[in-house]
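Right, one structure below, let's go through it.
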Amino acid sequence: MSLGWSRRAPVDTLVGTEAVVDFTIPLAELPRVSHELLSAEGEAKGKVRFSRQAGQAVADLEVGAQPEVVCQRCMQPMRWPVVVKSRIALVSDYNAADRVPEGMEVFLVEADSVSVRDLVDEEILLALPHVARHEEGSECASSELKLPGHDVEADDSDDAQVQKPFAQLGELLKRK
36 MSLGWSRRAP VDTLVGTEAV VDFTIPLAEL PRVSHELLSA EGEAKGKVRF SRQAGQAVAD
96 LEVGAQPEVV CQRCMQPMRW PVVVKSRIAL VSDYNAADRV PEGMEVFLVE ADSVSVRDLV
156 DEEILLALPH VARHEEGSEC ASSELKLPGH DVEADDSDDA QVQKPFAQLG ELLKRK
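Sequential numbering from 36 applies to the sequence shown in our numbering.
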């Protein structure tokens, strides 16, 4: 069966024929992922294999990508490697989602059909970090934090006066 990555196909047909789809999808074509990226350049490559296991429609997805995100420490662009291998249960309603065995992700299909793009979009979105940062040991991670208006060096922080805003709270509560 020839199935393009953007075309929706009936889940029953995909799992009945045990379709295997190799794909290369531009990141710009992934609607939810592209809004999270600094640049939508690049592509997601991989394979999805559809089957039925224990009466459940399943998609085994392998995808790799290198989306560009913004490091939240230095605010510079960086590549975030995404390598995902997922077993996804394709369900048509929330009741069926409750019966999915542990260890499987759940994907709610619309009108009993699904596209490879929708599966890839979901998995890459889940793999993106909430707060992207360069790796420890990088130049970004080793630079000192300098706050505007503060001349205190990191080594002099032990000498800085420690403020305890609730130190007097105990005495105030005793007075009542």
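C-beta atoms are modelled at their ideal positions from N, C-alpha and C, and glycine is treated no differently. Just so it is clear, the structure is predicted and the values come from calculations on it, not from any experiment.
By the neighbour-count definition (other C-beta atoms within 10 Å, threshold 16), Gly81 is a buried residue. Non-local C-beta neighbours of Pro66 in its own chain, meaning closer than 8 Å and more than five positions away in sequence, comprise Asp156, ordered along the chain. Selection Ser74, Asp153, Ala89, Val46 evaluated against Ala63 yields Ser74 as nearest (Cα-Cα). By the Cβ test, the stretch 128-144 is in contact with the stretch 84-97, since at least three Cβ pairs between them sit closer than 8 Å.
Here Val197 is exposed: its Cβ has fewer than 16 other Cβ atoms, across all protein chains shown, within 10 Å. Going by DSSP, Ser86 is part of no alpha helix (DSSP H) but of the beta strand (DSSP E) stretching over 78-88.
One thing to note: Pro61 has its Cβ no nearer than 8 Å to the Cβ of Trp115. Between Glu145 and Glu158, the alpha-carbon positions lie close to 17 Å from each other. With contacts defined by Cβ atoms closer than 8 Å, Ala162 and Val105 do not form a contacting pair. Straight-line measurement puts the Cα of Ala44 at about 9 Å from the Cα of Val151. In the DSSP assignment, Gly205 falls within the unbroken alpha helix (DSSP H) covering 204-210.
Within the DSSP secondary-structure output, Gly99 pairs in a beta bridge with Lys80, Val118. The DSSP-derived three-state label of Pro66 is helix. Distances from the CA of Phe58 to each of Asp153, Val126, Ser86 were compared; the closest alpha carbon is that of Asp153.
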